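Participant:
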Amino acid sequence: MRFAGHNSKVSTRPAIPGLIILVAFLALLFGGNLTKASAGMLVPRFAADLSPGPSSSNPYEFFDLDGKLFFNAEIDRGVEPYFSPDGKSFRLIKDVAAGPDDSDPSSPVRLGDQLFFLAYEEATGYELHKTDGNSVSLVSDLSPGPGDPQISEMTVLGNMIYFVAETPATGRELWKTDGNTMAIVQDLEPGAAGSYPEDLTLFNGQLYFRATTSVTGSELFRSDGNSISLVSDVEPGANGSSPDDLAVLGSHLYFSAYKTGPSRELWRTDGTTTALWTDIFPGAGYGSPSRLVASGGRLFMEADDGVHGDELFSTDGVNPATLVADIAPGSDNSDPGEITPFDDGRVILTAEDPTHGEEPWLADGSGADFLGDIWPGSDGSGARDFFIRDGYAYFNANRIDIGRELFATNGSGVTLVRDILPGTDGSSPGWFTPYRDHTIFQADDGIHGRELWKLVPPDRSVTIGTAAKLRFRPSGRADLLLKCPAAEESGPCTGRFSLTTAARVRFGGSKRVVALAKGSFNAAAGSADQYRVRLKPLQRRLLKRVPKARNLLLKARVSDKAGNQARVNLPVRAVMPK
1 MRFAGHNSKV STRPAIPGLI ILVAFLALLF GGNLTKASAG MLVPRFAADL
51 SPGPSSSNPY EFFDLDGKLF FNAEIDRGVE PYFSPDGKSF RLIKDVAAGP
101 DDSDPSSPVR LGDQLFFLAY EEATGYELHK TDGNSVSLVS DLSPGPGDPQ
151 ISEMTVLGNM IYFVAETPAT GRELWKTDGN TMAIVQDLEP GAAGSYPEDL
201 TLFNGQLYFR ATTSVTGSEL FRSDGNSISL VSDVEPGANG SSPDDLAVLG
251 SHLYFSAYKT GPSRELWRTD GTTTALWTDI FPGAGYGSPS RLVASGGRLF
301 MEADDGVHGD ELFSTDGVNP ATLVADIAPG SDNSDPGEIT PFDDGRVILT
351 AEDPTHGEEP WLADGSGADF LGDIWPGSDG SGARDFFIRD GYAYFNANRI
401 DIGRELFATN GSGVTLVRDI LPGTDGSSPG WFTPYRDHTI FQADDGIHGR
451 ELWKLVPPDR SVTIGTAAKL RFRPSGRADL LLKCPAAEES GPCTGRFSLT
501 TAARVRFGGS KRVVALAKGS FNAAAGSADQ YRVRLKPLQR RLLKRVPKAR
551 NLLLKARVSD KAGNQARVNL PVRAVMPK
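Heads up: the sequence shown begins at 1 in the numbering used here, then just goes up one per residue.
1) Consult DSSP for LYS548 and reduce its assignment to one of helix, strand or coil.
2) Just to confirm, is the Cβ distance from THR350 to ALA383 under 8 Å?
3) Within a Cβ cutoff of 6 Å, which residues of the same chain sit near TYR392, ignoring the five residues on either side of it in sequence?
4) Flag this pair as touching only if the segment 135 to 142 and the segment 183 to 192 have three or more C-beta atom pairs under 8 Å; answer yes or no.
5) Can you give the beta carbon distance from PRO336 to GLU302, rounded, assuming they're within the 8 Å contact cut?
6) Please return the same chain residues whose Cβ sits closer than 7 Å to the Cβ of SER223, not counting the five positions on each side in sequence.
7) Would you decide whether GLU122 is buried or exposed? Buried here means 16 or more other CB atoms lie within 10 Å of its CB.
8) Nearest-angstrom Cα distance between SER295 and TYR254?
9) Using a Cβ-Cβ cut-off of 6 Å (strictly less than) and excluding sequence neighbours within five positions of ASP104, which residues of its own chain qualify?
10) Starting from the Cα of ALA73, find the closest Cα among ARG91, GLY67, PRO85 and give me that residue.
11) Going straight from the alpha carbon of GLY309 to that of SER331, what length do you get?
12) Tell me whether PHE30 sits in a helix, a strand or coil according to DSSP, three-state version.
13) Per the contact definition of three or more C-beta pairs closer than 8 Å, is the segment 538 to 550 in contact with the segment 499 to 519?
14) Write down the C-beta distance between GLY465 and PRO485 rounded to the nearest angstrom, noting that I regard them as a contact closer than 8 Å.
15) Leaving out five residues on either side along the sequence, give the residues of the same chain with a beta carbon under 6 Å from the beta carbon of GLY563.
16) With distance defined between alpha-carbon atoms, name the residue in GLY285, SER56, ASP102, LEU299 nearest to VAL347.
17) Take PHE386 and list the residues in its own chain whose beta-carbon comes closer than 7 Å to its own, dropping the five residues that flank it on each side.
18) Any idea which residues DSSP pairs ALA275 with across the strands?
19) For LEU202 and LEU128, what's the separation of their Cα atoms in angstroms?
20) Using 8 Å as the limit for Cβ to Cβ distance, is ASP560 near chain C?
21) According to DSSP, is ARG45 part of a helix, a strand, or is it coil?
22) What residue range is occupied by the uninterrupted beta strand (DSSP E) comprising MET576?
23) Beta-carbon within less than 8 Å of PHE63's beta-carbon, same chain only, minus the 5 sequence neighbours each way: which residues are those?
24) Compare the Cα-Cα distances from THR659 to each of VAL293, ARG264, LEU230, ALA284 and report the closest residue.
25) Please classify VAL572: is it buried, with 16 or more other beta-carbons within 10 angstroms of its beta-carbon, or exposed?
26) Decide if ASN159 is buried, meaning its Cβ has at least 16 other Cβ atoms within 10 Å, or exposed.
27) Please confirm whether ALA275 and ARG264 have their CB atoms less than 8 Å apart.
28) Let me know if ARG268 comes out buried or exposed under the rule of 16 or more other beta-carbons within 10 Å of its beta-carbon.
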């Protein structure tokens, strides 16, 4: 179903209650309008049980720093920072809050080859720290002692991290650090009152943000890193325009702001000229644009034009913002949320209509497509945490029969990727983060607790390997290793094998292929199963005397837990003792 612009027409004919129940039941029974998984969709695999057993380490805020993985987790020393050089082995960087207390690391940003984050220590409070993966050090105790400067909005510009912090002397102001020392950019509202900068946004090589002074009220300011200047006094006087939801599209910075007359509407600036861009709710009404998100050459937002309620609007920066779709017909609100760029010029979002409740939608500048009724009926699945990779949006959503689980869409229907925690509780997957060639996240499968998982391409093949040479001892024994590749995602590799001469040789009065061994194997991914080959005296004599007989062939039938099966033929050269 596609809703486009102001001419959308959606039936409001009352439905029969019993019919609604029947349809919901049938939809639930047969998976609703969920689609089957397609070839390009990634699948979840368990990655690591950081806190072994059913207890949870709750890993979060993953950060990929040149292939090195940083994250926070609670294993045996409270919530602390951890490091992995390869995504496989993990270690504690430092017990920042010594003992069982939590240092609660948060808000990681990169500067150079180091990671900067906030963490708590009893002596210094919640301050800025840094790590290269080997150690952790305090950058500066901005609020000396256990006080908390409430650092937030850390944003990298050039070779500096800019942030908002509060001290008794300056109040809440804009600060900066090069990773070694800290300095205030400017005490914009002199004294202890503070200007309370918020919504730091990079635009035209500078920082734009909302701040409040006793002269201008809350207005749009900018900084080049050395000083701060007013961009525009949209609402003159001490009340201010309270600019909000800053977003960049092309050569302009867009924001929501209040001005007497048009009230709260959509504004923009190129850094020199600031002007009202669209009076979405004409006159004195409040269009109240919010959740501004750029995708390709368009800017999307939630707004109210006074006719259609809170709906999705869009502008291309050339034409004013207009209604994309009246998802909840009439003056009802669809309350667009979780607006996330899907690809060039489209967004995926959640919205609520009377029939489906809050469910995922896909929109461009001309309309919106309903993706799927994950929780059949008007309750809605509350989809959230959209993560985009390789043409798919992955997210978690709630369904009555499985709880909150992992779903995906490529823009055509919705697929249940996997019911990670069987039953109605749900695994609640989240913190999706790209890492190397895959995506990591956390989830609870009911066995390992809330631990580390990854999204990888589907396992569509299986194989087995062995060494090119098989060395026999004088006793006629050799250790045959059957290796399961480390990349095998659905291990173990299991099956049966036979070891024979590769060609027919004269043996026992006839020319034939000679069988030397056969058996079964079970090898975990990245490991090998060992089979002891024992040659009989005649077989041993054959291999020693006939060079051609030392060319062997290993034949194996191998399978894995994903149901992949393969026949493998591997040449092996027997090496006999002198």
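Cβ coordinates follow ideal geometry from the N, Cα and C atoms, glycine included. The model shown is predicted, which means the values in this text are computed figures rather than measured ones.
Facilitator: From the atom records:
1) Helix.
2) Going by C-beta atoms, THR350 is nearer than 8 Å to ALA383.
3) The answer, listed in chain order, is MET41, ALA408, ASN410.
4) Counting Cβ pairs under 8 Å, fewer than three are found: no touch.
5) So it is a contact: roughly 5 Å between Cβ atoms.
6) Cβ neighbours of SER223 beyond the five flanking positions: LEU174, VAL185, GLN206, LEU207.
7) The residue is exposed, with fewer than 16 neighbouring Cβ atoms inside 10 Å.
8) In a straight line, the C-alpha of SER295 is about 13 Å away from that of TYR254.
9) VAL79, TYR120.
10) Nearest C-alpha to ALA73: ARG91.
11) One C-alpha to the other measures close to 5 Å.
12) Low per-residue confidence applies at PHE30: pLDDT is 38, beneath 50, and the placement is therefore not dependable enough to give any value.
13) Under the 8 Å Cβ criterion, the segment 499 to 519 counts as touching the segment 538 to 550, having at least three qualifying pairs.
14) Yes, GLY465 and PRO485 are in contact; Cβ-Cβ is about 7 Å, under 8 Å.
15) Shown here for GLY563: not one same chain residue has a beta carbon closer than 6 Å to its own, the five before and five after excluded.
16) With distances taken between Cα atoms, VAL347 lies closest to LEU299.
17) Excluding positions up to five away in sequence, the list reads GLU338, THR340, ILE348, ALA393, PHE395.
18) By DSSP's assignment, ALA275 forms a beta bridge with ARG268.
19) A straight line joining the alpha-carbon of LEU202 with that of LEU128 spans about 21 Å.
20) Of the protein chains in this structure there is only one, and it is not chain C.
21) In the structure shown, ARG45 sits in a strand (DSSP, three-state: E or B).
22) Taken as a continuous stretch (DSSP letters only), MET576 belongs to no beta strand (DSSP E), as it is neither H nor E.
23) For PHE63, where only same-chain residues beyond five positions count, the Cβ hits under 8 Å are LEU69, PHE70, PHE71, PRO108, ARG110, LEU115, THR433.
24) Within the shown structure, residues of the chain are numbered from 1 to 578, placing residue 659 beyond reach of any answer.
25) Per the 10 Å Cβ criterion, buried.
26) ASN159 comes out exposed.
27) Taking C-beta atoms as the reference points, ALA275 and ARG264 fail to come closer than 8 Å.
28) So ARG268 counts as buried.
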